[in-house]
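Take a look at the structure set out below.
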Amino acid sequence: MKKFRKVLDGLTTSSPVNQGGSPVCGSAAGTPSTALTPRELEIQETLMSEHFQICKTVRHGFPYQPTALAFDPVQKILAIGTRSGGVRLLGRPGVDCHCQHESGAAVLQLQFLINEGALVTACADDTLHLWNLRQRRPAILHSLKFNRERITFCHLPFQSKWLYVGTERGNTHIVNIESFVLSGYVIMWNKAIELSTKTHPGPVVHLSDSPKDEGKLLIGFESGTIVMWDLRAKRADFRIYYDEAIHSVSWHHEGRQFMCSHSDGSLSMWNLRNTAKPFQVTFPHGKTQRDGRKESCKPILKVEYKTSRNSSDAFIVFSGGLSYDKAGRRPTLTIMHGKAITVLEMDYPIVDFLVLCDTPYLNEVQEPYAVAVLLEKDFVVVDLSQSNFPIFENPYPMDIHESPVTCTAYFADCPPDIIPVLYSIGAKHKKTSYSHKEWPLRGGTWTVGSQTYPEIIITGHADGSIKFWDATAITLQMLYKLKTSKVFEKPKSGDVGRSAELVEEDPYAIQMINWCPQSRIFCVVGISAHVILYRFSKHDANTTITSLEVRLQCEMEDVISPSDTENTPCFSDPSGLSPQPQPPSPRSNTPDSVRDSIPCLKVKDRTIRMPPGYQAELVVQLLWVDGEPPQQITSLDLNSAYGLLALGNCNGLAVVDYLQKTILLCMNTLELYGSADPFQRLTRSPRKNRQSTSGLTELSDNQVSLDLERSKSPTSDHVNGHCTSPTSQPCPTGRARVPGGTEGPRLARRGPGRPPFRKAQSAACMEVSLPVSSLTEGYPSRRAMLQQLHGVSMYSHDEHHITTYSWSERESRENSFSRSRSSSVSSIDRETKEAVTTLQFAESYGRKSDTLPTPCLWVGTSLGLVLIIPMSIPTDEQERQEDPVTVAPTGTVLMLKSSVLRFAFLDCGGALINSPYEVWRDQHVPDVPDRPRKRKLVNFSPSSSQEASGDGHLAVVCSERQAKVFFMPSQACLYVHNITESSFVLRADVVSVCNSVCLACFCANGHIMTLSLPSLRPLLDVNYLPLTDMRIARTFCFTNGGQALYLCSPTEMQRITYSQEMCDNLQEMLGELFTPIETPEAQNRGFLKGFFGGNTQNFDREELFGEAAAGKASRSLAQHIPGQGGLEGMKAAAGGVVGELARARIALDERGQRLGELEERTALMMSSADTFSKHAHELMLKCKDKKWYQF
């Protein structure tokens, strides 16, 4: 408990209350106080550093770049391996666990220890790992690193502790799973094949036991050689040499025949009685040509041969095998059952598949019931019990990447009624063609934790779609999907005016999301410089969408030198202040005049039937100006109580009244300051230059060398958008550009028909692998990094587009990104653009003389300046619909280092002040005559504001490098904290943790920090997540309850917590992967089958592979690495009473491990003593009858 005291001068001791219903004006609310005395501000902060700890909670989505698949038929758990070394374990809904190999090597193969709660992984670095699945956080128990050979295939028989490992050299090694050491028993490739064979058989591609006799091991080599190896006799029973390469082998359950898939698209059946040639060869998809030959087919990569009791016909399932002449066909999975052949086309290439069966015994009838198909970007389970083979509805969120994710938003502690409402609306649009059976992966147990609250994650996508996800209790389930593209007309082919030439490929991509859960008003920002406002309704409606067009363009030179202003009058263009759209300019012969005062997209102007859910009400679009496209929108805020919407970009600010459907304010950023500009920048009328430049804002000759350096300055672009307009680029020659001159028309710089926006590459697809040092040291701000990684690579996918948007790109980039940002007036005065980087509506004080809070708009810019714009909003509902809202910039300016990112407001007790909002009401429900429906506002009336903030409040402002706390209305700076000097903040939010609030920051150098409020005392600083690509930067977001999320791969979403309380409770929230289940008993084979078919129970692998019989393997062949993650992970995750029990269990495990090692050493000593005694006895018998002279 810490107490802060601060003496503040100029604070009011009493504030009168405006009890009337008149509009609240920002200029003078109430009357000044009669006395001003110093006052002590006492705020008790409860958050301490021990309240914070960072750990990962759960990962959602499809495993990125999958490589392997495995299934435990008893536990009903499925595992997926990935190219980055990840392992995903899936069971019943809620049982979803992610593990990661520290090496990051790709997972080649997975093998479950069936019903043992363990998993073996074989990685591309030739290492075997044994994972313990009997704990909520799986960990590695043992590792075995092969030094001289490369692993190609593994096989673990059921209820065996000996793992067969095939290598690239063609050898087969045997590993003891319990001790994870190699056996001395090795099947060398030169012994497996005939001595007369002159060629190497190739790598081992298959290993399996014979279902008839476990003492026989079937070895398949890539070249087409198959060997049946007798493990007891240590020799080959038979050898098969086939002309085509082998990809996989599958046994019939009786062990008398097996099937192979080959590279020529054929399937061959072999009988053990006659192995000279296959008794059947089929080309399932190969047709016989006129000359009698089979047409060439693609390889069949895998085949599975399963029998069923209910039918004499077996199931043959394989992937591939299509003929080459059918170009463009999608990947297929073929199911052959009797004479019926079913071909299932998949959306993505097949990585692996498994036929799911109930029995773990290979020598029993398999009874397949489903096929799990792992695709490159999806996971599908097919129901085999129905003739039409429907797929099961996947309970896991595997379709996050259905369209690439471009932005995310995370809302914790939502209103409890919002999730059921969204689910009921979204359930009406779900597919109904799924299998009616229960999801086959039913392993593990999961229960909802005791500390749960409604959580919603919203994702925006490249195709303009929005998805709402229920994220309660660390699960993820899609609730509702919204398509923003339905608001616009579809571009017609050949339409040059508005469609193909203006916006190409992804014109609807979502850039920003703003949602008010209380009022259920939803707002999105699109890449085509448009904003769409939605209202929620439970009923369908026939409405017309209102469209507002804003001419928000920098039509003046923001910065000029004093010498340029001597003969230039200082007046501004009145068109920049006009809130109404400008008429198109007169058309000339230049192609530039074609694109003036038109939006990028065309809104549907007819009455549209909208289904229940979110219904579009208003679209705000920025216009082209003089042939130049509108700049990306960089900031957005909406307030349902005020009925206002504010948006900004690198040119200026616009405020829209969405209740009256009017534009209240449309101003250039510089004009917002008025006479209060801290840098005293001067403006020039743009009309003087427009006569010779045809609308371009050009640079004078004496500015070219200066502006060439700052043309791509970090402060000239904006935060989440991109100043890619050619108007922000200097002329290389230093002369004004004139239409028809040496440079040609202005449009030709992009090339004929080149769009202003290219394909909206998603946050998921931004694979920019840069070292952390270059991201933190080379870029002075995140806008520089975003310009580099988004402005160029995100929207420029052709060479012409890249070269036209950046003259001398490399030189300019090096000059702008390597130099440090200066806070001096001279360097800031040279900036060409000042972007609006953040906006916030709040009840605050516009002037120091204000005594009551009024509706205000806080504006943060890329130069670190904060402007407060008070507004006069009628409080009466009828007046609000008719009377105009007054917006009056006062020139109030606060200053910080670097670009402003976030605003928040605290009362004098340190509690967070929530913005006013309107309680949701369904506008399409018919009103009851005796109960008219009125707007119900919260925290908006003057009386309620007086109670919360009448004595002033605290304003928290965070920029890329600095955080400040101001007291309002005196604007006195109470606390300052420099967050970082060597890096910059990418994301900052004021969040609630442990019944208090703090400032959470994520920096470009990977540090996650929390600061106490209001004192800005550092509480947490952990180097957690190195920023290696821009996907993380664009999708990282904090929320209340100490949680955060980011897109860790193009298809996966990672949730983390920085709260110690949630870390302590995480074990309770996670699902159990292992459930104690009795292993099913093997079927009674009968006397005759057991007698004539061979008895598999007599085979003792320990007798063959143990050290006593086989000896020790060479130490240089493989290195045993004991696992360290299991015990340490449990120690870190355990806490409280559960932690004590876990630590006691850990101690017992360690003691048991030491006792086991001692027992092993004792057994080795006894064995050595027995051997010594045996040799001594033999020597004694040998020398007993010899005379002394015979020695």
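Heads up: the sequence shown runs through residues 158 to 1348, numbered per this note's numbering.
Where a beta carbon is used, it is the ideal one built from N, C-alpha and C, also for glycine.
- DSSP places Ser581 in the uninterrupted alpha helix (DSSP H) bounded by Ile575 to Gly583.
- Ile631 and Val215 do touch by the CB rule: their CB atoms are close to 4 Å apart, below 8 Å.
- As DSSP reads the structure, Ser340 sits in a beta bridge with Lys1269.
- Counted as a single uninterrupted DSSP element, the beta strand (DSSP E) harbouring Gln201 occupies residues Ile200 to Glu202.
- The segment 1067-1076 makes contact with the segment 1149-1167: 3 or more CB pairs, one atom from each, lie closer than 8 Å.
- Straight-line spacing of the CA atoms in Phe693 and Asn1197 works out to 24 Å.
- The C-beta of Asp400 has fewer than 16 other C-beta atoms within 10 Å across all chains shown, which makes the residue exposed.
- A contact between stretches requires three or more CB pairs, one per stretch, nearer than 8 Å, and the segment 493-511 meets this requirement with the segment 526-533.
- Taking every protein chain shown into account, the CB of Thr1047 has 16 or more other CB atoms within 10 angstroms, so this residue is buried.
- Runs of the beta strand (DSSP E) lying entirely within the segment 997-1083, each at least 3 residues long, are 1011-1018, 1022-1029, 1049-1052 and 1057-1063 in chain order.
- Sorting Asp1342, Asp1327, Met1166 and Leu1261 by C-alpha distance to the C-alpha of Gln210 places Met1166 at the top.
- Just measuring C-alpha positions, the residue of Leu247, Ala236 and Gln292 sitting nearest Ala279 is Ala236.
- DSSP places Ile1213 inside the beta strand (DSSP E), whose first and last residues are Glu1209 to Ser1216.
- For Leu375, the uninterrupted beta strand (DSSP E) segment begins and ends at Lys373 to Phe378.
- Rounded to whole angstroms, Ile397 and Glu335 show a C-alpha spacing of 34 Å.
- Boundaries of the alpha helix (DSSP H) around Arg1188: Met1187 to Thr1192.
- Of the candidates Gln837, Asn333 and Leu285, the residue whose Cα lies closest to the Cα of Thr324 is Leu285.
- Burial of His442 is indicated by the presence of at least 16 other C-beta atoms within 10 angstroms of its C-beta.
- Non-local beta-carbon contacts of His586 in its own chain, meaning distances under 6 Å to residues more than five positions away in sequence, are absent.
- Only residues of its own chain outside the window of five on either side were considered, and among them Gly422, Ser423, Lys451 and Cys454 have a CB closer than 7 Å to the CB of Phe440, listed in chain order.
- Residue pairing by DSSP places Gly327 in no beta bridge whatsoever.
- In this structure, Gly327 is the residue among Gly327, Trp386 and Phe315 with its C-alpha nearest to the C-alpha of Arg307.
- For Glu828, the enclosing alpha helix (DSSP H) has its first and last residue at Thr826 to Tyr830.
- The beta carbons of Met416 and Val362 sit no closer together than 8 Å.
- Comparing alpha-carbon positions, the option among Phe337, Lys638 and Leu198 lying closest to Val277 turns out to be Phe337.
- A Cβ-Cβ separation of about 24 Å leaves Ile702 out of contact with Val782 under the 8 Å criterion.
- A distance of 8 Å or more separates the beta carbons of Asn825 and Asn806.
- Burial check for Tyr830: the Cβ neighbour count within 10 Å reaches 16 or more, so the residue is buried.
- Distance from the CA atom of Thr1232 to the CA atom of Gly601, rounded to whole angstroms, is 6 Å.
- Counting along the chain, Asn347 sits inside the alpha helix (DSSP H) bounded by residues Trp346 to Ala349.
- Pairing Ser1324 with His1334, the inter-Cα distance amounts to about 15 Å.
- Cα atoms of Ile678 and Asp620: separation of roughly 21 Å, rounded to the nearest angstrom.
- Counting along the chain, Leu1261 sits inside the alpha helix (DSSP H) bounded by residues Arg1258 to Phe1262.
- Pairing Val812 with Ala803 gives a Cβ-Cβ distance under 8 Å.
- As DSSP reads the structure, Cys673 sits in a beta bridge with Ile678.
- Within its own chain, the residues whose Cβ lies closer than 6 Å to the Cβ of Thr432, once the five positions on either side in sequence are excluded, are Phe395 and Ile397, listed in chain order.
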